[in-house]
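Here's the structure we're looking at; comments come further down.
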Amino acid sequence: MATSLAPSFRILCSDTSPSSSSGKRCKYVGQSVRALPIRILWVGKKRSQGAQLVFDEYFEKIKLYCTVNEVQIRSNPKNSRLCC
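Counting in the working numbering, the sequence shown runs from 629 upward without gaps.
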């Protein structure tokens, strides 16, 4: 006799209308989740070619799913602060 140690989960619709009391399953439960914006910080002006290629590839893939901002910070300036 084989038993499974993994727990099983059943996700039900959160609609409280009388017609949904039958316990039907939601097909797209995670669709209402909002994607968080991503801010990428670069320190210094110059980027190596390898870092630029990695960034460009990652940026193209991730921008389909959420907003991505690039912020460039000067390296070790006097009295510098990141605003916003």
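Here a beta-carbon is modelled for each residue, glycine too, at the ideal position from N, C-alpha and C. Predicted model, so just to flag it, every value in this text is computed and none were measured.
What residues are listed by DSSP as bridge partners for residue i?
{"i": "R667", "result": "N697"}
Only counting the same chain, and skipping five residues up and downstream in sequence, which positions put a Cβ closer than 7 Å to that of residue i?
{"i": "R667", "result": "N697, V699"}
{"i": "V671", "result": "I701, S703"}
Over the uninterrupted alpha helix (DSSP H) stretch that includes residue i, give me the two end residues.
{"i": "L681", "result": "677 to 690"}
With a threshold of 8 Å on Cβ separation, who are the neighbours of residue i within its own chain once the five nearest residues in sequence on each side are excluded?
{"i": "Y693", "result": "A663"}
Apply the 10 Å Cβ neighbour rule to residue i and answer buried if 16 or more other Cβ atoms are within range, or exposed otherwise.
{"i": "S649", "result": "Confidence in S649 is poor, its pLDDT being 48 and thus under 50, which makes the residue's placement unreliable; the coordinate value appears in the next sentence. Exposed, because fewer than 16 other Cβ atoms sit within 10 Å of the Cβ of S649."}
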